[in-house]
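Engineer: Per this note's numbering, residue 1391 is the first one in the sequence shown, and the count goes up by one each step.
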Amino acid sequence: MTRPERLIPGLLLVLAIAGCNGPGTRDSAPHSAAIPGGMPDDAIPRSEPKSRYGNGPVYEVFGTRYQVLDSSYGFRERGVASWYGQKFHGQPTSSREPYDMYAMTAAHKTLPLPSYVRVRNLRNDRSVIVRVNDRGPFVDNRIIDLSYSAAVKLDMISDGTSLVEVSAINDGAPAGARSSDNDVSPARNVFVQVGAFGEASNARRRYTLLRKGGIDKAFVDKDQQRSLPLYRVRIGPIDGVDQYDSLIAQLGQLGIQETHLVTE
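1) Since residue 1470 and residue 1631 should fall inside the 8 Å C-beta cutoff, what is the C-beta to C-beta distance between them, to a whole number of angstroms?
2) Just to check my reading of the structure: residue 1484 and residue 1443 have Cβ atoms closer than 8 Å, yes? What is that Cβ distance to the nearest angstrom?
3) Would you call residue 1579 buried or exposed, if buried means 16 or more other Cβ atoms sit within 10 Å of its Cβ?
4) Is the stretch 1541 to 1558 in contact with the stretch 1499 to 1516, if contact means three or more CB pairs nearer than 8 Å?
5) Between which residues of its own chain and residue 1609 is the CB-CB distance below 7 Å, once the five residues before and five after are set aside?
6) Since I believe residue 1643 is in contact with residue 1605 (beta carbons under 8 Å), could you give me their beta-carbon distance rounded to a whole number of angstroms?
7) Starting from the C-beta of residue 1597, find all residues in its chain whose C-beta is less than 6 Å away, skip the five residues before and the five after it, and write them out in chain order.
8) Given a threshold of 16 other Cβ atoms within 10 Å of its Cβ, counted over all protein chains shown, does residue 1551 qualify as buried or as exposed?
9) With a 10 Å radius around its C-beta and 16 neighbouring C-beta atoms as the bar for buried, classify residue 1591 as buried or exposed.
10) Using a threshold of 7 Å, state whether the C-beta atoms of residue 1593 and residue 1537 are closer than that.
11) Do you know how far the Cα of residue 1455 is from the Cα of residue 1523?
12) On a Cα-Cα basis, can you pick out the residue from 1559, 1417, 1651 that is closest to residue 1372?
13) Got a sec? Which residues, its chain only, sit under 6 Å from residue 1408 by beta carbon, not counting five neighbours each side?
14) Given a threshold of 16 other Cβ atoms within 10 Å of its Cβ, counted over all protein chains shown, does residue 1491 qualify as buried or as exposed?
15) Distance, Cα to Cα, residue 1481 vs residue 1496?
Next up, the structure:
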């Protein structure tokens, strides 16, 4: 994955990307489904110095600026994962390490290089630990780009994308936090939460906005386990990434930018 880099006065690092992380691009699995040497173990978190390359602190791709985080500590997000494979195998990553589609690695837009994260498939609860050594994916609604092997472990090769949770793992984490769980669990329901309100009237206004905007799977969930009621406005269940992408576009037209993926 070639990423020529150039420094601009100040602190702006521009990455000229012409690869899998750009819009409208496609990738493919290896010619043989067999992984040389068998399925790799998950990455093992360890202390590493930051890479000399790909760590910003600020860079720009396709007109958007990204601020690289100082640390991965406490990082967690939910969204859509994609994967990249044969097309970029052996090419340099943003950290200048050669991309190995059979290794347990990933690309992320803002985490320090390298970082270690657990990626959990929200639909089947499979999880993997990968080492982030690349930048991307620079596509709307995509938060992480996984290696081919990592995508195989998460059972997302055929679909190409999956709704996931990404959580940073720091060196010294308990052993249990490092192990992967690859037993297939029954599919879980995934919802998009678009607000949480202490007043029922505020939740009702958000719900009404959604219904008027043509979002008919919206509902209000009242949490009565708290000392004070909390009214969460949710949409779903979401059937998959295509529906999620369409929903995010609809919400943007309604002026709603802050969303969260939740599971039950």
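In this text, a Cβ means the ideal position worked out from N, Cα and C, and glycines have one as well.
Structural biologist: In short:
1) 5 Å
2) 6 Å
3) exposed
4) yes
5) 1624
6) Going by Cβ atoms, the distance from residue 1605 to residue 1643 rounds to 10 Å, so no, they are not a contact pair.
7) 1608, 1610, 1623
8) buried
9) exposed
10) no
11) 19 Å
12) Since the first residue of the chain shown is 1391 and the last is 1654, residue 1372 is not available in this structure.
13) For residue 1408, the predicted structure reports a pLDDT of 34, less than 50, and the residue's modelled location is therefore unreliable. A value from the coordinates is still provided. Closer than 6 Å at the Cβ level, and outside the excluded window around residue 1408, lies no residue.
14) buried
15) 14 Å
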